[in-house]
Ligand code: ARG
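In the numbering used here, the protein residues as written are 57 to 515.
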């Protein structure tokens, strides 16, 4: 028998059970973090006199050679091992002999996996952060370029007030900036307390120094309760939740891209490299990428719910249920990374149809609020002005007119306050450029938003 627990058992694990129990098909990706954790652990054991320096050296060299061989491809993962932790340890012993068996002193796979997953997710958060920053960078650039391009702003999917495309895009940049901040928070908390040395659940009788491993692995401190250390998966759930929110943002953006690419809107045309055709309808150019991003958001939500559900009934401390955390969070990470890295170039290469946007904004009485504000400027209280314009809009609809094409004499039927300058007040460019309030849609305000974010994010 060659299983790790051969002393207690008389039989090999049933083959199907072995497959069922095994996590190496998905946790192999933590090999680097597993080895880094072991290196820190073994140095601490030597520093504390628990291992001799020569033993520490042999183990460290062995671990480094395994890492190098895995990276170069000289060593491939044995997928019949139970998990990555067992694989590395077995390979170590194969390479350096019995001294390899000392690595697991004052440690358990329970604190080991809690550590490895933190280290792995921390690195992935760095990658995700980079990808989100790239997308924000693209948005800032486009927002600057289209700071004064007008399109209808909608509420209830009804044309509401004219806005600038730059303003619209900066709204997405604001969402993504919050995603960055949530990722940073998640990472800070994740790296706050190091579980290594919590051992199986109760700590250890060896004279370990958990502060040493915690700081070597760049944690703020060792976790203060070993039971919590091995059984906490809040950090996984937090990241899954952060990614679900991120995907929700990408999904909303995708939805707008899909709408804007429709023949009804035609505000946007995706580059051929980022759209697909139909197998039967030759005229079609489909926004498949945006649709897939929207669709994949379901996975991110599902993974979050799966993780919450896995954890909800788990008594202290480690239970094997927790092995289920990895596939869910890895899938959320893979999904978010894939979506982000395809979304940014799709956005950069998309062509904006400024004429179609302006045309859509030029109908639908989108400047009615400005007409009311005009009367307020002439001394009418806002509620009264609102009513005059409401009546006027109804009349325009009846007469087949817009606010721009209604004659001044017709205007005067509704209020003697209307003068020739009303046309200037309802001119879309003026409507937009006068909204200079902080955070407003005016081009100067958009450029201010762009600059503030550029400075804050150093982009
Ligand atoms: N593969 C396990 C996991 O991912 C590692 C911890 C196993 N611990 C144990 N006592 N079986 O959770």
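Cβ atoms here follow ideal geometry from the backbone N, Cα and C, with glycine treated the same way.
- Distance from residue 138 to residue 77 at the Cβ level is roughly 6 Å; contact confirmed, criterion being Cβ atoms closer than 8 Å.
- For residue 342, same chain residues with a beta-carbon under 8 Å away, outside a window of 5 residues either side, are 331, 332, 333, 334 in chain order.
- Annotated three-state conformation of residue 460 is coil, per DSSP.
- When secondary structure is reduced to three states using DSSP, residue 342 falls in the strand class.
- Rounded to the nearest whole angstrom, the C-alpha separation of residue 91 and residue 102 is 17 Å.
- Here residue 236 has 185, 188, 189, 192, 513 as same chain residues with Cβ atoms under 8 Å from its own Cβ, once five neighbours each way along the sequence are excluded.
- At a cut-off of 7 Å, the beta-carbon of residue 139 counts as near the ligand ARG: some heavy atom of the ligand is closer than that.
- In its chain, beyond the 5 residues on either side, 220, 221, 222, 225, 408, 410 have a beta carbon closer than 8 Å to the beta carbon of residue 202.
- With a beta-carbon spacing of about 6 Å, residue 104 and residue 264 fall inside the 8 Å limit used to define contacts.
- Within 7 Å of the C-beta of residue 376 there is at least one heavy atom belonging to the ligand ARG.
- Relative to the ligand ARG, residue 89 has its C-beta separated by 7 Å or more from all heavy atoms.
- By the criterion of a C-beta distance shorter than 6 Å, residue 366 is surrounded in its chain by 377, 380, once the five residues flanking it on both sides are discounted.
- For the ligand ARG, no non-hydrogen atom lies closer than 7 Å to the CB of residue 409.
- Here residue 208 carries a strand assignment [DSSP, helix/strand/coil].
- Only exposed fits residue 371, as fewer than 16 other CB atoms lie within 10 angstroms of its CB.
- Distance check between residue 420 and each of 324, 215, 315 places 215 closest, using alpha-carbon atoms only.
- Annotation: the continuous beta strand (DSSP E) that includes residue 219 extends over 214 to 220.
- At the C-beta level, residue 363 and residue 291 stay beyond 8 Å of one another.
- With contacts defined by Cβ atoms closer than 8 Å, residue 205 and residue 413 form a contacting pair.
- In this structure, DSSP gives residue 108 a state outside helix and strand, which the three-state scheme calls coil.
- Taking a cut-off of 8 Å for Cβ pairs, the segment 440 to 459 and the segment 498 to 509 do not touch, as fewer than three such pairs fall below it.
- Runs of the alpha helix (DSSP H) lying entirely within the segment 379 to 426, each at least 4 residues long, are 381 to 405, 410 to 417 in chain order.
- The alpha-carbon of residue 510 is positioned some 20 Å away from that of residue 396.
- If you draw a 10 Å sphere on the C-beta of residue 287, you find 16 or more other C-beta atoms in it, and that means buried.
- For residue 142, the enclosing alpha helix (DSSP H) starts and ends at 140 to 152.
- Residue pairing by DSSP places residue 324 opposite 408 in a beta bridge.
- Going by DSSP, residue 269 is part of the alpha helix (DSSP H) stretching over 266 to 272.
- Residue 100 sits close to residue 268, with the two beta carbons spaced by under 8 Å.
- Taking every protein chain shown into account, the CB of residue 464 has fewer than 16 other CB atoms within 10 angstroms, so this residue is exposed.
- A buried status is given to residue 166, since no fewer than 16 other beta-carbon atoms sit within 10 Å of its beta-carbon.
- Residue pairing by DSSP puts residue 332 in a beta bridge opposite 342.
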